[in-house]
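>
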Amino acid sequence: MNREKSNHLYERAKKVIPGGVNSPVRAFKSVNNTPFYVKSADGAYLVDEDGFRYLDYVLSWGAIILGHAHPGLIEEVSKAISVGTSFGACHRYEIELAERIVEAFPSIDMVRLTSSGTEATMSAIRLARGYTGKEGIIKFIGCYHGHVDALLVKAGSGLVTFGIPDSKGIIADYAKHTYIADFNSIESVHRIIKNNKNIACVIIEPVMGNMGVILPEETFLKDLESMCRENEILLIFDEVITGFRLIYGGAQHIYNIKPDITCLGKIIGGGFPIGAFGGRKDIMDILAPTGDVYQAGTLSGNPVAVRAGIYTLDYLKKNQSIYKQMYEYSTTLEKEILDLANSYGIPYRINKITGMWTGFFADTDIHNYAGAIKSDRQLYERFFKLMLEEGIFFAPSPFEASFLSLNHKEDELIKTIDAFKKVFKRLSHG
Ligand SMILES: *Cc1c(COP(=O)(O)O)cnc(C)c1O
């Protein structure tokens, strides 16, 4: 696979953009590769500058649930752009998106829009601290909540694959109020709370996506919810990925939890930069201008992003069969892949939920960070390269989720299973 044009662009990029990329995982470093440059995208596929076509399981890290360049969305966005790209003043569509979010999430009475998921989690934490008058934050090892200083401690994906547990430039004073618990271990949360009365909030990805997909076990989220209530700690669900991906209404709907604050992003912008955080009215009311927790954004509620988001949510609401379609696709895929892994003697585990899954090269089930980190990275690196040669783009890191869109159908399923057959065969020959 001669990616001449991409390689040339990468050399050019490295001169003017740090590492050539605007977000670290895009450099393909953790799979010892160099990036391809996308020229266009359509449905379930990406086409690069050299003309190679890839079946896309990254989908802008889960944001693109309707598929790339979805015709109805493009039409809506074109209409939006033709009447102005940013107002810096109020418009009706920001209310319409907020109303849809409030309707979809019983735990959300009010919601504020931001331009990224990072801003949403950063603001949610400020809000929790402002509301409770307490300082501490509990997060889970391997969960990623954007690159907020206080949350960039033991975060997943890019940070783990680079082997940097923390980032330089984060002063100890910012991180010292962040306590780390173990996903699926209520005991680890209890240990922190027992000795510390100053915890403002617990923030969690209810279904982990950023250490690969890791599902919450039986009563873990329920126990977490009760423990938070008993100790007057706010529970923040980071549903930036899961919000409208698992079901219309997010992981909290599936697991029947009412978090105090919910963070959203990715899908709710239909592929445009967006984030949101919302929750109970008495909490949200303390935000400026009604209250004294400050939070703002020049492009927050951007009319183009918001109209793309409204279109996406309306489409999902009207066509909820898409969730069934994604479930069936991933269930068939899971079964076929595990059969292949079995017959080729490849140690493989799949963690999956509607719309997203991760295949780990591992011989034990994976329930937390410690399990995921033990999976075989060298095998993943070879898998990634071979899959790319088969025209399939999986995440350039073993600790990420694979995502589905509306456009992943029968043909894509067959193509994927065929590729797994070839790739596992190659891997089994050492
Ligand atoms: C992507 C992501 C974020 C950060 O969102 P950005 O828009 O990249 O800032 C936060 N939390 C989770 C769970 C995410 O997956």
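Read in order, the letters of the sequence shown correspond to residues 15 to 444 in our numbering.
In this text, a Cβ means the ideal position worked out from N, Cα and C, and glycines have one as well.
The structure presented is a predicted model; accordingly, all values stated were derived computationally and were not measured.
1. Nearest to L327 by CA position, among N316, Y341, G285, K295, is which residue?
2. Name the DSSP bridge partner or partners of C277?
3. Where does Y193 fall in DSSP's three states?
4. Under the three-state reduction of DSSP, which class applies to G482: helix, strand or coil?
5. On the criterion of 16 or more Cβ atoms from any shown chain inside 10 Å, does Q266 qualify as buried, or is it exposed?
6. Report the CB separation of Q309 from R140 in whole angstroms; it is logged as a contact under 8 Å.
7. Kindly list the residues whose CB is nearer than 7 Å to the CB of R294, restricted to its own chain and excluding five residues on each side of it in sequence; keep chain order.
8. Comparing the CB of Y71 with every heavy atom of ligand 1, is any distance shorter than 7 Å?
9. Taking the alpha helix (DSSP H) that F398 belongs to, which residues open and close that run?
10. Could you work out which residue in N198, S44, A164 is closest to A186 when comparing CA atoms only?
11. Return the first residue and the last residue of the beta strand (DSSP E) that V216 is part of.
12. For N356, report the span of its beta strand (DSSP E) as first-last.
13. Ignore the nearest five residues each way along the sequence and tell me which others in D299's own chain have a CB closer than 7 Å to its CB.
14. Assuming the contact rule is C-beta atoms closer than 8 Å, C154 and G264 should be a hit. Round their C-beta distance to whole Å, please.
15. Go through its chain and collect everything with a Cβ distance to K272's Cβ below 8 Å, but skip five positions before and after it.
16. Just to confirm before moving on: does the CB-CB distance between G289 and L278 stay below 8 Å?
17. On the DSSP letters alone, give me the boundaries of the beta strand (DSSP E) that V52 sits inside.
18. What are the residues that DSSP puts in a beta bridge with M124?
19. Taking buried to mean at least 16 other C-beta atoms within 10 Å of its own C-beta, is D296 buried or exposed?
20. Looking at C-alpha atoms only, which residue of L166, F234, L400 is the closest neighbour of K450?
21. Who are the Cβ neighbours of N382 in its own chain at under 6 Å, not counting the five residues just before and after it?
22. Please classify H22: does DSSP put it in a helix, a strand, or coil?
23. Which two residues bound the contiguous beta strand (DSSP E) that contains V61?
24. What three-state label does DSSP hand T368 in the structure shown?
25. Helix, strand or coil for S416 per DSSP?
26. So what's F234 in DSSP terms, helix, strand or just coil?
27. Just to confirm, is the Cβ distance from I281 to E110 under 8 Å?
28. Determine the contact status of L347 and L427, defining contact as a CB-CB distance below 8 Å.
29. When we look at the beta-carbon of N481 and count the other beta-carbons within 10 Å, is it buried (16 or more) or exposed?
30. Which residues does DSSP pair with H82 in a beta bridge?
31. Mind checking whether the beta-carbon of E342 lies closer than 7 Å to any heavy atom of ligand 1?
32. Tell me which residues share the same chain as S229 and place their Cβ nearer than 7 Å to its Cβ, disregarding the 5 neighbours each side in the sequence.
33. When we look at the beta-carbon of P410 and count the other beta-carbons within 10 Å, is it buried (16 or more) or exposed?
34. According to the neighbour-count rule (16 or more other Cβ atoms, all chains shown, within 10 Å of its Cβ), is T175 buried or exposed?
35. For V30, does the count of other Cβ atoms within 10 angstroms reach 16, so buried, or fall short, so exposed?
36. Quick one: Cα of S92 to Cα of E108, how far?
Straight from the coordinates:
1. It is G285.
2. Answer by DSSP bridge pairing, in chain order: D252, F291.
3. Looking at Y193 - three-state DSSP - the assignment turns out to be strand.
4. Shown here, the chain extends from 15 to 444; a query on residue 482 therefore has no answer.
5. Looking at its Cβ environment, which holds 16 or more other Cβ atoms inside 10 Å, Q266 is buried.
6. Their Cβ separation, rounded to whole angstroms, is 7 Å, which keeps Q309 and R140 in contact under 8 Å.
7. Closer than 7 Å at the Cβ level, and outside the excluded window around R294, lie D123, D274.
8. Outside the cutoff, so no.
9. Unbroken alpha helix (DSSP H) run through F398: 391-403.
10. With distances taken between Cα atoms, A186 lies closest to A164.
11. Counting along the chain, the beta strand (DSSP E) containing V216 begins and ends at 213-218.
12. Element bounds for N356: not the beta strand (DSSP E) but the alpha helix (DSSP H), 335-358.
13. Result list for D299: G305, in chain order.
14. For the record, residue 154 in the displayed sequence is Phe; it is not Cys. Rounded to the nearest angstrom, the Cβ distance from F154 to G264 is 18 Å, too far for a contact under 8 Å.
15. The answer, listed in chain order, is P120, S121, E239, Q266.
16. Yes.
17. Boundaries of the beta strand (DSSP E) harbouring V52: 52-56, taken from the DSSP string.
18. Answer is G293, bridged to M124.
19. For D296, the number of other beta carbons within 10 angstroms of its own is below 16, and it is reported as exposed.
20. The structure shown does not extend to residue 450, since the chain is modelled only from 15 through 444, so no value can be given for it.
21. Around N382: D196, F197, N198.
22. In the structure shown, the three-state DSSP call for H22 is helix.
23. Residues 59-62.
24. Note: T368 maps to coil in three-state DSSP.
25. In this structure, S416 counts as strand in the three-state DSSP scheme.
26. Helix.
27. No, the pair does not count as a contact, with Cβ atoms beyond the cut-off.
28. Yes, the Cβ-Cβ distance between L347 and L427 is below 8 Å.
29. As shown, the chain starts at 15 and ends at 444. That puts residue 481 outside it, with no answer to give.
30. H82 is bridged to G57.
31. No; taking the cut-off as 7 Å, the Cβ of E342 has no heavy atom of ligand 1 nearer than that.
32. Checking the displayed sequence, the identity of residue 229 turns out to be Leu instead of Ser. Scanning its chain for C-beta atoms nearer than 7 Å, with the 5 sequence neighbours on each side dropped, one finds around L229 the residues V221, N365, I367, in chain order.
33. By the neighbour-count rule (16 or more Cβ atoms within 10 Å), P410 is buried.
34. Below a pLDDT of 50, predicted positions are generally treated as unreliable, and T175, at 48, falls in that range; the measurement from the model is reported next regardless. Buried: at least 16 other Cβ atoms inside 10 Å.
35. By the 10 Å Cβ count, V30 comes out exposed.
36. If you take the alpha carbons of S92 and E108, they lie about 17 Å apart.
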